[in-house]
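Number of protein chains: 2
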Amino acid sequence: MERIPILRMGQVLLVTIQVDMHDRLALSLQEDLTEKITRHGSKGVLIDISALDIVDSFIGRMLANIAGMARVLDATTVVVGMQPAVAITLVELGLSLPGVRTALDVERGVVLLQRALSANALLVEDEDADDEE
Amino acid sequence: MERIPILRMGQVLLVTIQVDMHDRLALSLQEDLTEKITRHGSKGVLIDISALDIVDSFIGRMLANIAGMARVLDATTVVVGMQPAVAITLVELGLSLPGVRTALDVERGVVLLQRALSANALLVEDEDADDEE
Numbered sequence: 002m003e004r005i006p007i008l009r010m011g012q013v014l015l016v017t018i019q020v021d022m023h024d025r026l027a028l029s030l031q032e033d034l035t036e037k038i039t040r041h042g043s044k045g046v047l048i049d050i051s052a053l054d055i056v057d058s059f060i061g062r063m064l065a066n067i068a069g070m071a072r073v074l075d076a077t078t079v080v081v082g083m084q085p086a087v088a089i090t091l092v093e094l095g096l097s098l099p100g101v102r103t104a105l106d107v108e109r110g111v112v113l114l115q116r117a118l119s120a121n122a123l124l125v126e127d128e129d130a131d132d133e134e
Numbered sequence: 002m003e004r005i006p007i008l009r010m011g012q013v014l015l016v017t018i019q020v021d022m023h024d025r026l027a028l029s030l031q032e033d034l035t036e037k038i039t040r041h042g043s044k045g046v047l048i049d050i051s052a053l054d055i056v057d058s059f060i061g062r063m064l065a066n067i068a069g070m071a072r073v074l075d076a077t078t079v080v081v082g083m084q085p086a087v088a089i090t091l092v093e094l095g096l097s098l099p100g101v102r103t104a105l106d107v108e109r110g111v112v113l114l115q116r117a118l119s120a121n122a123l124l125v126e127d128e129d130a131d132d133e134e
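Protein chains in written order, with this note's numbering: chain A, 2 to 134; chain B, 2 to 134.
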């Protein structure tokens, strides 16, 4: 159990973080995620942190890193399931999770991703339309 | 991180097992799952075990128990992501996972559940049609 499993559901990759993150585990998660995004052309990454009672600056930075990597690979990251106490701690730590979108649970996160994806799809269609003119 | 998170996606509950299971964790997972099935009227339970390198008789029994409990609550359980070595060990241990359906990954598991659900839905519709006659 050295790696955190990444579940693929259509265009979305789902990760649930349940274990204490340490350096090597965070690195391998970033590697696995970026590899899967490029291999499958995934458009969204859902990270469930409902099992985490504490999010320290290390995990906060990891989440921001993952969101940044996903963004340059054209995927949107949504962090879901944050406990209220974690939100308080994050702000007290001065971590605002830049570039990370959040939703209360997986279902709402999927809706958020679908909206983001369809908005992108519309943009692409518009561009195609322009080309045809 | 005392509990394994259960993610709800529509009529399906998703659990990824990443940590070493012990008695208390297995019990709390069973309690949480049955509670969520009844609360949300979930029709399917997906258990991802891709992170497990070893499935011993304890985990095998736990999976069979969960499937049994879900069944009496009218939900279908699908275990996904089993590693080839785990399949070998299971059979060598004499554990055939009775009552547990399996699929190679989450996507295939969802398809399996959707088929099972639509088959059930058809049955219910048929019964309704009989009533109307």
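For every residue, glycine included, the Cβ atom is placed at its ideal position computed from N, Cα and C.
For residue j and residue i, the rounded distance between their alpha carbons
| i | j | result |
| --- | --- | --- |
| residue 18/A | residue 85/B | 24 Å |
| residue 62/B | residue 103/B | 15 Å |
| residue 4/B | residue 42/A | 32 Å |
| residue 33/A | residue 35/B | 32 Å |
| residue 70/A | residue 90/A | 24 Å |
| residue 28/B | residue 92/A | 35 Å |
| residue 6/B | residue 120/A | 31 Å |
| residue 133/B | residue 48/A | Low confidence applies here, because residue 133/B scores a pLDDT of 47, under 50, leaving its location unreliable and the question unanswered by this model. |
C-beta atoms of residue i and residue j nearer than 9 Å
| i | j | result |
| --- | --- | --- |
| residue 78/A | residue 68/A | yes |
| residue 107/B | residue 15/B | yes |
| residue 37/A | residue 118/A | no |
| residue 101/A | residue 76/A | no |
| residue 96/B | residue 51/B | no |
| residue 111/A | residue 13/A | yes |
| residue 98/B | residue 81/B | no |
8 Å Cβ cut-off: residues of chain C touching residue i
| i | result |
| --- | --- |
| residue 52/B | The displayed structure is made up of protein chains A and B, and chain C is not among them. |
Neighbourhood of residue i by C-beta distance below 7 Å, restricted to the same chain and skipping five residues each side
| i | result |
| --- | --- |
| residue 39/B | 74 |
| residue 83/A | 50 and 103 |
CB contact below 9 Å: residue i versus chain A
| i | result |
| --- | --- |
| residue 49/B | yes |
| residue 20/B | yes |
| residue 17/B | yes |
| residue 25/B | no |
| residue 32/B | no |
Best match in the options for proximity to residue i [C-alpha to C-alpha]
| i | options | result |
| --- | --- | --- |
| residue 115/A | 99/A, 46/A and 93/A | 46/A |
Cut-off 6 Å between Cβ atoms - residues of its own chain near residue i, not counting five sequence neighbours on either side
| i | result |
| --- | --- |
| residue 8/A | 15 |
| residue 55/B | none |
| residue 22/A | 60 |
| residue 113/A | 79 and 104 |
Contact with chain B by residue i, beta-carbon distance below 9 Å
| i | result |
| --- | --- |
| residue 133/A | Residue placement at residue 133/A is poorly supported in this model, since its pLDDT is 47, which falls under 50; the coordinates are not used for a value here. |
| residue 73/A | no |
| residue 87/A | no |
| residue 57/A | no |
| residue 61/A | no |
| residue 9/A | yes |
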